[in-house]
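Chains as they are written, first to last, in the working numbering: chain A, 304 to 497; chain B, 304 to 497.
There are 2 protein chains.
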Amino acid sequence: MPGQRSITEAEKLVEAKLGGTPVSHERMAVVANIYRAAAAVRQHLENAVLRSSDLTWTAFVVLWVIWIWGESESRHVAEEAGISKGTLTGVIRTLESRGLVRRSEHPSDGRLLLLSLTGEGEELMRRVFPDFNAEESFVTSRLDDDACRALATGLRQVVLQVEEKGEERRLALLDGAKPAPRRSGRRRQAPREG
Amino acid sequence: MPGQRSITEAEKLVEAKLGGTPVSHERMAVVANIYRAAAAVRQHLENAVLRSSDLTWTAFVVLWVIWIWGESESRHVAEEAGISKGTLTGVIRTLESRGLVRRSEHPSDGRLLLLSLTGEGEELMRRVFPDFNAEESFVTSRLDDDACRALATGLRQVVLQVEEKGEERRLALLDGAKPAPRRSGRRRQAPREG
DNA sequence: GACCTATACTTTGAGCCCGAACGGTTTTTC
DNA sequence: GAAAAACCGTTCGGGCTCAAAGTATAGGTC
Numbered sequence: 304m305p306g307q308r309s310i311t312e313a314e315k316l317v318e319a320k321l322g323g324t325p326v327s328h329e330r331m332a333v334v335a336n337i338y339r340a341a342a343a344v345r346q347h348l349e350n351a352v353l354r355s356s357d358l359t360w361t362a363f364v365v366l367w368v369i370w371i372w373g374e375s376e377s378r379h380v381a382e383e384a385g386i387s388k389g390t391l392t393g394v395i396r397t398l399e400s401r402g403l404v405r406r407s408e409h410p411s412d413g414r415l416l417l418l419s420l421t422g423e424g425e426e427l428m429r430r431v432f433p434d435f436n437a438e439e440s441f442v443t444s445r446l447d448d449d450a451c452r453a454l455a456t457g458l459r460q461v462v463l464q465v466e467e468k469g470e471e472r473r474l475a476l477l478d479g480a481k482p483a484p485r486r487s488g489r490r491r492q493a494p495r496e497g
Numbered sequence: 304m305p306g307q308r309s310i311t312e313a314e315k316l317v318e319a320k321l322g323g324t325p326v327s328h329e330r331m332a333v334v335a336n337i338y339r340a341a342a343a344v345r346q347h348l349e350n351a352v353l354r355s356s357d358l359t360w361t362a363f364v365v366l367w368v369i370w371i372w373g374e375s376e377s378r379h380v381a382e383e384a385g386i387s388k389g390t391l392t393g394v395i396r397t398l399e400s401r402g403l404v405r406r407s408e409h410p411s412d413g414r415l416l417l418l419s420l421t422g423e424g425e426e427l428m429r430r431v432f433p434d435f436n437a438e439e440s441f442v443t444s445r446l447d448d449d450a451c452r453a454l455a456t457g458l459r460q461v462v463l464q465v466e467e468k469g470e471e472r473r474l475a476l477l478d479g480a481k482p483a484p485r486r487s488g489r490r491r492q493a494p495r496e497g
């Protein structure tokens with residue numbers, strides 16, 4: 304049971320493991336709980352709402368972004384949905400094959416890709432979103448409106464810190480060292496002989 | 304930029320899209336921010352700390368659980384790490400191939416799988432965890448200790464609600480209907496003729 | 001022992017995930 | 001106007017993700 308008991312108990316065990324090295328318990332608890340909450344919410348919404356429409360969380364978020372903002376450039380959708388460009392390509396492929404999303408070229412800039420919902424996509428969102436929002440209310444129902452606002456504000460501080468200072472921090476940590484490439488990723492094509 | 308501006312603006316657009324259907328803005332904002340924060344924190348920690356040791360977030364969490372709790376049964380590790388048993392199988396395969404984790408049989412129950420860290424795994428955690436915790440402090444550095452405690456408490460309410468009431472809620476929503484099987488997943492083997 | 005049920009891990013299939021490399025377009029620079 | 005730099009979406013590789021199905025063990029009943 305990934306609950307509070309484990310987290311507070313774990314704190315003592317961590318201290319023991321490190322033998323004296325100071326550990327920031329509150330900070331550790333915040334990060335752990337952010338992640339637990341995100342996973343719990345996602346799982347609940349997928350099973351309670353999205354599953355019956357055969358949507359994943361990410362697919363829903365992408366649809367939502369396009370629904371709300373209207374026809375959008377691909378890079379903006381990826382940004383808003385919080386996924387990489389490469390991931391978006393795959394998600395769009397899935398959604399397009401189901402007839403929920405349409406791709407079209409930008410009239411003046413040949414590099415850009417425009418995304419919009421089909422009629423079926425619009426209809427799906429009108430049907431699914433109210434149920435989705437109802438479950439958002441359910442998962443937060445132990446908090447009153449003030450507590451919700453406070454929680455959202457606190458979380459925003461974390462997001463802002465990473466967005467505004469994260470890059471700088473990462474650079475400082477690496478301190479000039481090369482950024483340690485991922486083990487995975489596309490291999491460089493060997494130059495052809497001849 | 305997936306920040307606050309987008310979320311509050313989106314609220315108005317949602318209302319317009321649905322034409323009158325009430326939307327719980329505070330709840331929507333909480334869920335959206337939980338997810339944004341989780342993604343931001345994960346990304347920062349992976350790039351700032353884990354990447355140089357060639358660890359993913361999930362791999363680190365699994366190692367952490369085994370490190371803290373000592374030799375553990377597989378199902379408990381999956382539960383604590385917040386991933387499914389099936390996912391754990393794959394993660395353990397990766398970690399075992401790198402010599403960080405050891406699998407062993409339970410002495411009396413042949414179904415159980417025991418997981419423990421190798422010496423190399425222990426050494427890795429002793430080295431990586433302090434850096435990890437330092438970045439946990441960094442991402443939460445706009446909050447003081449009290450705010451951290453409040454934030455963790457609020458998030459715990461969400462987790463508890465889903466854990467204690469989620470199952471019941473999902474059943475009530477489906478209302479006896481079959482749970483809409485996933486499109487993906489293993490296919491049933493066709494019964495052999497003859 | 002044969003049967004049945006419960007439990008635990010693995011396999012499978014479809015899909016998401018990132019970031020590096022890539023090919024194409026546009027803009028900038030000289 | 002040609003080369004260079006910047007930008008965009010796609011491809012690719014390794015890995016994680018789930019749940020359903022499968023395999024194997026354990027514990028009970030007859």
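We treat Cβ as the ideally placed atom computed from N, Cα and C, and that holds for glycine.
Could you give the DSSP three-state label for B:V364: helix, strand or coil?
Translated into positions along the second sequence, residue 364 of chain B becomes position 61. Reduced to three states, the DSSP call for B:V364 is helix.
Thinking C-alpha only, which one of B:R473, B:G469 and B:I369 is nearest A:L316?
By 1-based counting over the first sequence, the position of residue 316 of chain A is 13. The residue with the shortest Cα to Cα distance from A:L316 is B:I369.
Rounded to whole angstroms, how far is the Cβ of B:L446 from the Cβ of B:L420, which I believe are closer than 8 angstroms?
In the second sequence, counting from the first residue as 1, residue 446 of chain B sits at position 143. In the second sequence, counting from the first residue as 1, residue 420 of chain B sits at position 117. B:L446 to B:L420, Cβ: 32 angstroms. No contact.
Can at least three beta-carbon pairs, one atom from the segment 432–439 of chain A and one from the segment 328–342 of chain B, be found at a separation below 8 angstroms?
yes
Mind checking if A:L316 is an interface residue toward chain B, Cβ cutoff 8 angstroms exclusive?
Working through the first sequence from its first residue, we reach residue 316 of chain A at position 13. It does: the Cβ of A:L316 has a partner Cβ on chain B nearer than 8 angstroms.
Using a beta-carbon distance cut-off of less than 9 angstroms, what residues from the segment 461–488 of chain B approach chain A?
V461, V462, L463, Q464, V465, E466, K468, G469, R472, R473, L476, L477, A480, P482, A483, P484, R485 and R486
So what does DSSP say about B:V404, is it helix, strand or coil?
Translated into the one-based positions of the second sequence, residue 404 of chain B becomes position 101. Residue state, collapsed to three classes: strand.
Since A:E329 and B:R473 should fall inside the 8 angstroms C-beta cutoff, what is the C-beta to C-beta distance between them, to a whole number of angstroms?
Your numbering for residue 329 of chain A matches position 26 in the first sequence. Your numbering for residue 473 of chain B matches position 170 in the second sequence. Not a contact, Cβ separation roughly 33 angstroms.
Span separating the alpha-carbon of B:R485 from that of A:E349
Position 182 of the second sequence holds residue 485 of chain B. Position 46 of the first sequence holds residue 349 of chain A. Each residue's alpha carbon lies about 11 angstroms from the other.
Within the chosen definition, does the segment 356–368 of chain B reach the segment 382–401 of chain B through at least 3 CB pairs nearer than 8 angstroms?
yes
For B:E376, which of helix, strand or coil comes out of DSSP?
Indexing the second sequence from 1 puts residue 376 of chain B at position 73. Strand, per DSSP.
Could you check where the beta strand (DSSP E) with A:L446 kicks off and where it finishes?
Along the first sequence, read from residue 1 onward, the residue named residue 446 of chain A stands at position 143. A:L446 -> no beta strand (DSSP E), and no H or E assigned at all.
Listed from N- to C-terminal order along the chain, which residues in the segment 331–356 of chain B have their beta-carbon within a distance smaller than 7 angstroms of any beta-carbon of chain A?
M331, A332, V333, V334, N336, I337, Y338, R339, A340, A341, A342, A343, V344, H347, N350, A351, R354 and S355
Beta-carbon neighbours of B:L526, restricted to chain A and to distances below 8 angstroms:
Since the first and last residues shown for chain B are 304 and 497, residue 526 of chain B lies out of range.
With respect to the alpha helix (DSSP H) encompassing A:L420, which residues constitute its N-terminal and C-terminal limits?
As a working mapping, residue 420 of chain A is identified with position 117 in the first sequence. Unbroken run through A:L420 is the beta strand (DSSP E), L416 to L420; no alpha helix (DSSP H).
What does the Cβ neighbour count give for A:Q464, buried or exposed, with the cut at 16 atoms within 10 Å?
For the purposes of this step, residue 464 of chain A is taken as the residue at position 161 of the first sequence. Looking at its Cβ environment, which holds 16 or more other Cβ atoms inside 10 Å, A:Q464 is buried.
Contact defined as beta carbons within less than 8 angstroms: I believe B:A343 pairs with A:V352. What is the distance between those atoms, to the nearest angstrom?
As a working mapping, residue 343 of chain B is identified with position 40 in the second sequence. As a working mapping, residue 352 of chain A is identified with position 49 in the first sequence. B:A343 to A:V352, Cβ: 24 angstroms. No contact.
State the DSSP-derived secondary structure class of B:H409, mapped to helix, strand or coil.
The sequence position of residue 409 of chain B within the second sequence is 106, counting from 1. Here B:H409 sits in coil by DSSP.
Where B:A341 sits in the DSSP three-state scheme:
Here residue 341 of chain B corresponds to residue number 38 of the second sequence, with the count starting at 1. Helix, per DSSP.
Rounded to a whole number of angstroms, what is the C-alpha to C-alpha distance between B:I371 and B:G457?
Working through the second sequence from its first residue, we reach residue 371 of chain B at position 68. Working through the second sequence from its first residue, we reach residue 457 of chain B at position 154. Spanning the two alpha carbons is a distance of roughly 25 angstroms.
Own chain partners of B:V380 with C-beta closer than 7 angstroms, once the 5 adjacent residues on each side are dropped
Position 77 of the second sequence, counted from the start, is the residue given in the question as residue 380 of chain B. Correct list, in chain order: V365, V368, I369, L391 and L418.
Exposure of B:A455, with buried meaning 16 or more beta-carbon neighbours within 10 Å
Indexing the second sequence from 1 puts residue 455 of chain B at position 152. Buried.
Can you pull the chain B neighbours of A:R452, defined as C-beta to C-beta under 7 angstroms?
Indexing the first sequence from 1 puts residue 452 of chain A at position 149. Going along chain B in sequence order, the residues near A:R452 (Cβ under 7 angstroms) are E329.
Once you ignore the five residues that flank A:E423 on each side, which residues in its own chain have a CB closer than 7 angstroms to its CB?
Sequence index remark: in the first sequence, residue 423 of chain A carries index 120 (1-based). Excluding sequence neighbours, A:E423 sits near G402 and L403.
Listing by chain order, which chain B residues have their CB less than 7 angstroms from the CB of A:F441?
What you label residue 441 of chain A is simply residue 138 of the first sequence in a count that begins at 1. Those are R472, listed as they occur along chain B.
Mind pulling the chain A residues with CB within less than 7 angstroms of B:A313?
In the second sequence, residue 313 of chain B corresponds to position 10, counting from 1. By Cβ distance, chain A contributes I371.
Between B:E471 and A:H347, what straight-line distance do the alpha-carbon atoms span, to the nearest angstrom?
Here residue 471 of chain B corresponds to residue number 168 of the second sequence, with the count starting at 1. Here residue 347 of chain A corresponds to residue number 44 of the first sequence, with the count starting at 1. Each residue's Cα considered, the two are about 11 angstroms apart.
What three-state label does DSSP hand A:S356 in the structure shown?
Taking the first sequence and counting its residues from 1, the one referred to as residue 356 of chain A is at position 53. The answer is helix: DSSP assigns A:S356 an H, G or I state.
Nearest-angstrom Cα separation, counted from B:S444 out to A:E466:
If you number the first sequence from 1, residue 466 of chain A lands on position 163. If you number the second sequence from 1, residue 444 of chain B lands on position 141. Cα-Cα distance, rounded: 13 angstroms.
Ignore the nearest five residues each way along the sequence and tell me which others in B:P459's own chain have a CB closer than 7 angstroms to its CB.
The residue given as residue 459 of chain B occupies position 156 in the second sequence. Correcting the residue identity first, residue 459 of chain B is Arg in this sequence and not Pro. Within the same chain, B:R459 has no close Cβ partners at all.
Give every residue of the same chain whose Cβ lies closer than 7 angstroms to the Cβ of B:I378, excluding the five residues on either side of it in the sequence, and list them in chain order.
Locating residue 378 of chain B in the second sequence gives position 75, counting from the first residue. It should be pointed out that residue 378 of chain B corresponds to Arg in this sequence rather than to Ile. Cβ neighbours of B:R378 beyond the five flanking positions: K388.
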